[in-house]
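Throughout, my numbering is defined as the position within the sequence shown, counted from one, plus 5. Glycine included, each C-beta is placed from N, C-alpha and C at the ideal position.
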Amino acid sequence: MIKYLTKRLLFMALSLWLIITATFFFMRMAPGNPFTSEKKMPPAIEANLNAHYGLDQPWYVQYGEYLLRVVQWDFGPSFKYKSQTVNQLINEGFPVSLVLGIEAIFIALAIGVTLGVIAALRHNKWQDYLAMIVAVLGISVPSFIMAAFLQYIFAMKLGIFPVARWGTFMQSVLPAIALAAGPTAFIARLTRSSMLEVLSNDYIKTAKAKGISGFNITVKHAIRNAILPVVSYMGPLSAGIVTGSFVIEKIFGIPGLGSQFVKSINNRDYTAIMGVTVFYSIILLVSVLLVDLLYGLIDPRIKLSGGKKGE
Numbered sequence: 006m007i008k009y010l011t012k013r014l015l016f017m018a019l020s021l022w023l024i025i026t027a028t029f030f031f032m033r034m035a036p037g038n039p040f041t042s043e044k045k046m047p048p049a050i051e052a053n054l055n056a057h058y059g060l061d062q063p064w065y066v067q068y069g070e071y072l073l074r075v076v077q078w079d080f081g082p083s084f085k086y087k088s089q090t091v092n093q094l095i096n097e098g099f100p101v102s103l104v105l106g107i108e109a110i111f112i113a114l115a116i117g118v119t120l121g122v123i124a125a126l127r128h129n130k131w132q133d134y135l136a137m138i139v140a141v142l143g144i145s146v147p148s149f150i151m152a153a154f155l156q157y158i159f160a161m162k163l164g165i166f167p168v169a170r171w172g173t174f175m176q177s178v179l180p181a182i183a184l185a186a187g188p189t190a191f192i193a194r195l196t197r198s199s200m201l202e203v204l205s206n207d208y209i210k211t212a213k214a215k216g217i218s219g220f221n222i223t224v225k226h227a228i229r230n231a232i233l234p235v236v237s238y239m240g241p242l243s244a245g246i247v248t249g250s251f252v253i254e255k256i257f258g259i260p261g262l263g264s265q266f267v268k269s270i271n272n273r274d275y276t277a278i279m280g281v282t283v284f285y286s287i288i289l290l291v292s293v294l295l296v297d298l299l300y301g302l303i304d305p306r307i308k309l310s311g312g313k314k315g316e
């Protein structure tokens with residue numbers, strides 16, 4: 006276990022270094038600079054700003070200083086918001102995206118797994134067809150269309166939920182549903198396929214022959230094994246949802262990390278772009294590691310070294 010974790014942590018450190026390096030040099034190769042959008046800036050002032058932020062230093066000096074700051078968990082000052090650091094921007098935006106993401110993940114798991122199980126248990130019946138129609142719609146309809154539809158029906162016509170803004174539970178419901186629509190459909194299809202495969206196994210037939218109730222077979226035997234593909238999907242899904250959806254946050258006026266990232270790109274805020282990218286990457290790498298550990302707990306046959314017993 007310790008050996009496995011050590012290998013994974015070293016792999017995560019290497020991956021993170023590659024991401025930091027690629028992001029740093031891509032930003033340096035991009036045309037313009039953080040002060041390109043400033044109007045009629047005298048050359049002397051721009052030179053002072055470059056010196057203040059260290060942009061007049063050779064690339065290897067800037068690269069080395071940035072790596073050192075990241076190790077110290079310091080992403081530097083924001084080029085756009087002069088009184089704030091990138092760490093402050095992340096600290097303000099991430100809790101909002103985290104709450105929205107947790108709600109969306111809960112919705113996606115609860116509805117997706119339920120639809121998938123029902124579709125598998127009622128294979129080739131109207132419940133199966135209905136669940137898959139819902140799944141296809143969830144995958145096919147873009148999130149911004151789903152968001153606009155929800156706002157029109159449930160906010161403007163029925164008046165049940167607020168149209169936009171953030172701060173109360175009611176304001177979080179519609180964006181969470183819009184954010185969860187795609188993952189819900191994908192989880193439903195994954196669960197259905199996996200359940201159909203599991204239900205055809207001999208040990209399920211044996212359990213039925215022994216007279217075990219259908220409920221116990223489904224809950225205690227089938228779902229536990231069928232849920233493994235969903236668990237493997239949860240790693241990248243959690244990272245993507247928890248770090249916020251750019252489009253959903255923009256449509257609903259939510260001050261999350263996704264909105265901060267879009268603003269930093271529009272403002273050519275180099276340090277903010279790099280800081281948020283590194284933060285996203287860390288969450289993704291940690292999520293994948295946690296999912297792999299959870300995989301081993303759900304199915305003891307899977308060794309954490311990556312193989313199975315007997316192999």
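1) Could you tell me if PHE99 is buried or exposed, where buried requires 16 or more neighbouring beta carbons within 10 angstroms of its beta carbon?
2) Any idea which residues DSSP pairs THR90 with across the strands?
3) I'd like to check one pair, LEU294 with MET6: are the Cβ atoms closer than 8 Å?
4) Less than 8 Å between the CB atoms is what I'm expecting for LEU179 and PHE257, so what's the real figure, rounded?
5) Measure the C-alpha to C-alpha separation of ALA113 and TYR68 and round it to an integer number of angstroms.
6) Taking the straight line between their C-alpha atoms, what separation do you get for LEU126 and LYS225?
7) Only counting runs of 4 or more residues, tell me where the alpha helix (DSSP H) segments fall wholly within the stretch 152-225, in order along the chain.
8) Quick check on TYR58: does DSSP put it in helix, strand or coil?
9) Decide yes or no for the touch test of the stretch 76-83 against the stretch 160-172: beta carbon pairs closer than 8 Å, at least 3 of them.
10) Below 7 Å CB to CB, which residues in the same chain sit around TRP64 once its five sequence neighbours on both sides are set aside?
11) Determine whether the beta carbon atoms of VAL91 and TRP171 lie at a separation below 8 Å.
12) PHE220 to ILE228, Cα distance in whole Å?
13) State the Cα-Cα distance for the pair LYS268 and LEU14, rounded to the nearest angstrom.
14) Measuring straight from C-alpha to C-alpha, what distance separates GLN132 and ILE116?
15) Helix or strand or just coil, what does DSSP make of SER286?
16) Give the secondary structure of ILE259 by DSSP, where H, G and I count as helix, E and B as strand, and everything else as coil.
17) Quick check: the Cα distance between THR282 and LYS8, rounded to an integer number of angstroms?
18) Identify which residue in TYR71, GLN77, GLY121, ILE25 has its Cα closest to the Cα of THR223.
19) According to the Cβ coordinates, are ILE340 and GLY106 closer than 8 Å?
20) Rounded to whole angstroms, what's the CA-CA distance from ARG273 to TRP78? Just pull it up for me.
21) Secondary structure at LYS314, three-state DSSP: helix, strand or coil?
22) Just the C-alpha distance for VAL118 and ALA193, rounded to the nearest angstrom, thanks.
23) To the nearest whole angstrom, what separates the beta carbons of THR196 and ALA244, a pair I think is in contact under 8 Å?
24) Tell me the DSSP secondary structure of ILE232 in three-state form.
25) Under 6 Å Cβ to Cβ from GLY315, same chain only, skipping five residues before and after it: list those, please.
26) Using a 10 Å radius around the Cβ and a threshold of 16 neighbouring Cβ atoms, would you call LEU23 buried or exposed?
27) Please report the distance separating the alpha-carbon of HIS128 from that of LEU19.
28) So, with DSSP's three-state summary, where would you put LYS12?
29) Quick check on the DSSP output: the alpha helix (DSSP H) that includes ASP133 runs from which residue to which?
30) Sort VAL141, GLN176, GLN265 by Cα distance to LEU155 and report the nearest one.
31) Does the Cβ of PHE166 have 16 or more other Cβ atoms within 10 Å, making it buried, or fewer, making it exposed?
32) By the three-class DSSP mapping on this structure, what secondary structure does SER292 have?
Let me spell this out:
1) buried
2) PRO82
3) no
4) 7 Å
5) 40 Å
6) 15 Å
7) 174-204, 207-214
8) coil
9) no
10) ARG33
11) no
12) 11 Å
13) 32 Å
14) 14 Å
15) helix
16) coil
17) 29 Å
18) GLY121
19) The shown model of the chain, from 6 to 316, leaves out residue 340, and the question about it has no answer.
20) 22 Å
21) Only weak support is given to the placement of LYS314: the predicted model assigns it a pLDDT of 43, under 50, and the question is left unresolved by the model.
22) 6 Å
23) Not quite, the Cβ-Cβ distance comes to about 21 Å (not below 8 Å), so this is no contact.
24) coil
25) Low local confidence applies: a pLDDT of 41 at GLY315 is under 50, so the model's placement there is unreliable, with the coordinate-based value given in what follows. For GLY315, where only same-chain residues beyond five positions count, there are no Cβ hits under 6 Å.
26) exposed
27) 45 Å
28) helix
29) 131-145
30) GLN176
31) buried
32) helix
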